[in-house]
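For the sequence shown, the positions run 75 to 401 when our numbering is used.
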Amino acid sequence: MSECVIPTLTSPEVVASKSVLPAGWKADLANVKGLDITLPVMELLRRTTSRLPQDVIEAIVKGRDAEEEGSRAFNTLNDMVRNINLADGQVTPLCQDTGSIIFWVRHPFGLSQRAAKVQIRAAVVEATKRSWLRPNCVESLSGKNSGTNMDPFHDHHPAFHFEEWDKPEIEISVMQKGGGCENVGAQYRLPDAALGAGRDIKGVRKCIIDAVVKAQGQGCSPGILGVAIGGDRVTGYEKSKELILRKLGTANADPKMDAFEKDLTADLNTLGIGPMGYGGVTTALGIHVEEMYRHPASFYVSISYMCWSSRRGSITIAANGQPSFDL
Ligand code: SF4
């Protein structure tokens with residue numbers, strides 16, 4: 075029988091001791107135009123690729139402990155915890171697929187987005203050279219790998235979302251989105267006669283259940299789902315990905331949506347799909363749903379599926395230049 079593995083992540087002090095940021099590094103936000111974020115982003119990638127956020131670890135452990143000891147589901151989730159410990163301890167990627175790299179940058183007035191893109195790209199190239207990231211950027215038709223995680227022709231990878239805000243600090247979030255889980259994301263157009271799904275919350279529920287049933291274990295379940303109700307085909311998918319950044323266990327600001335998320339997560343966990351599709355009661359770790367406005371003629375439900383290896387992290391550079399990592 076497999077022994078229950080306890081998650082034992084290295085302490086923040088040990089993580090900081092391995093940082094690529096020189097000790098005492100501080101930004102000068104008084105000169106935001108001259109800011110260079112290459113090193114902070116490299117450090118963010120070093121952490122994100124090898125450390126899972128605490129809320130995700132806790133959800134995996136909770137799932138494991140809900141499974142029958144010694145079952146395939148229990149052993150699979152237990153191996154995931156072992157994997158988490160190994161990756162963290164050795165600062166190696168949590169999964170061989172280090173994903174597509176997506177950034178969200180929120181910043182005060184004055185930051186050059188063009189310069190930030192150049193610096194973030196340089197950080198991604200260097201993280202790839204150091205094998206923190208697998209080269210995952212291939213030409214679509216030929217399959218030829220650029221080798222650097224860059225899209226040399228069209229500037230599509232890594233993906234960027236910039237937002238100027240009123241706060242003085244800069245916040246950079248990153249997600250490493252695996253290819254397997256990306257493949258099982260889905261977009262529905264309601265009404266959907268085949269599903270018997272109308273333009274209401276019951277219809278939305280049917281779409282989400284359908285996507286999870288079709289995914290089975292292929293998205294490396296247990297999954298975390300981001301679901302956008304409404305928007306258009308592009309904004310719905312964008313929002314659904316962003317929703318995966320929300321910490322598991324945090325409440326939806328809309329109490330009705332919060333109840334919907336909790337009920338549906340419990341229902342998905344009765345489907346019997348389980349971790350990696352091996353059966354069990356841990357199919358979904360959480361669902362994050364948000365309603366958007368839409369065109370009267372269109373009703374989309376956009377679903378992004380994130381695997382158990384839900385790598386996300388962020389760095390905040392405070393007004394005084396001090397960096398802090400949420401990971
Ligand atoms: S879906 Fe996630 S866990 Fe599965 S291979 Fe891809 S990155 Fe790894």
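Even glycine gets a Cβ: it sits at the ideal position worked out from N, Cα and C.
Treat the numbers as computed from the prediction; the structure is a model and nothing was measured.
Which residues does DSSP pair with residue i in a beta bridge?
i	result
G435	For the chain, the structure presents residues 75 to 401; residue 435 sits outside this window and is missing.
I361	L299
F177	F234 and V248
T390	E245 and S398
A271	D266
Q292	Its beta-bridge partners do not exist; DSSP assigns none.
R385	Q250
A260	I377
V199	In DSSP, V199 forms no bridge with anything.
N219	V212
Going by the beta-carbon positions, is the gap between residue i and residue j smaller than 9 Å?
i	j	result
G348	T357	yes
N219	A201	no
G305	E316	no
L342	I282	yes
M350	I298	no
R273	F334	no
L269	D284	yes
K100	N326	no
T172	L207	yes
S376	G293	no
N159	L83	yes
T112	A197	yes
V286	S378	no
L118	L319	no
M331	V363	yes
L359	P242	no
Y262	Y352	no
R138	M154	yes
G354	R146	yes
F227	I194	no
I175	P232	yes
F148	A190	no
A267	K288	no
W382	S314	no
R440	S85	Because the chain in this structure spans residues 75 to 401, residue 440 falls outside the shown range and cannot be described.
P209	G217	no
E143	C78	yes
Go ahead and label residue i buried or exposed: buried means 16 or more other beta carbons lie within 10 angstroms of its beta carbon, across all protein chains shown.
i	result
A90	exposed
D337	exposed
N105	exposed
S398	exposed
E141	buried
W239	exposed
R188	exposed
L109	buried
L185	buried
I80	exposed
V130	buried
V472	Within the shown structure, residues of the chain are numbered from 75 to 401, placing residue 472 beyond reach of any answer.
G291	buried
V88	exposed
A97	exposed
C211	buried
D229	exposed
D328	exposed
N114	The sequence as given places Pro at residue 114; Asn does not occur at that position. Classification of P114: buried, given that the 10 Å Cβ count is 16 or more.
S214	exposed
G163	exposed
A161	buried
S205	exposed
A371	exposed
What residues sit near the ligand SF4, counting only those whose C-beta is closer than 5 Å to one of its heavy atoms, in chain order? C169, D171, G252, G254, C255, C294, C381 and S383
Spell out a yes or no on whether the segment 251 to 266 and the segment 177 to 188 are touching, meaning 3 or more CB-CB pairs, one atom from each, closer than 8 Å. The segment 251 to 266 vs the segment 177 to 188: no contact.
Check whether the segment 375 to 390 touches the segment 238 to 249, counting contact only when three or more Cβ pairs, one atom from each stretch, lie closer than 8 Å. yes
Are there three or more Cβ pairs, one per stretch, closer than 8 Å when the segment 119 to 127 is compared with the segment 158 to 178? yes
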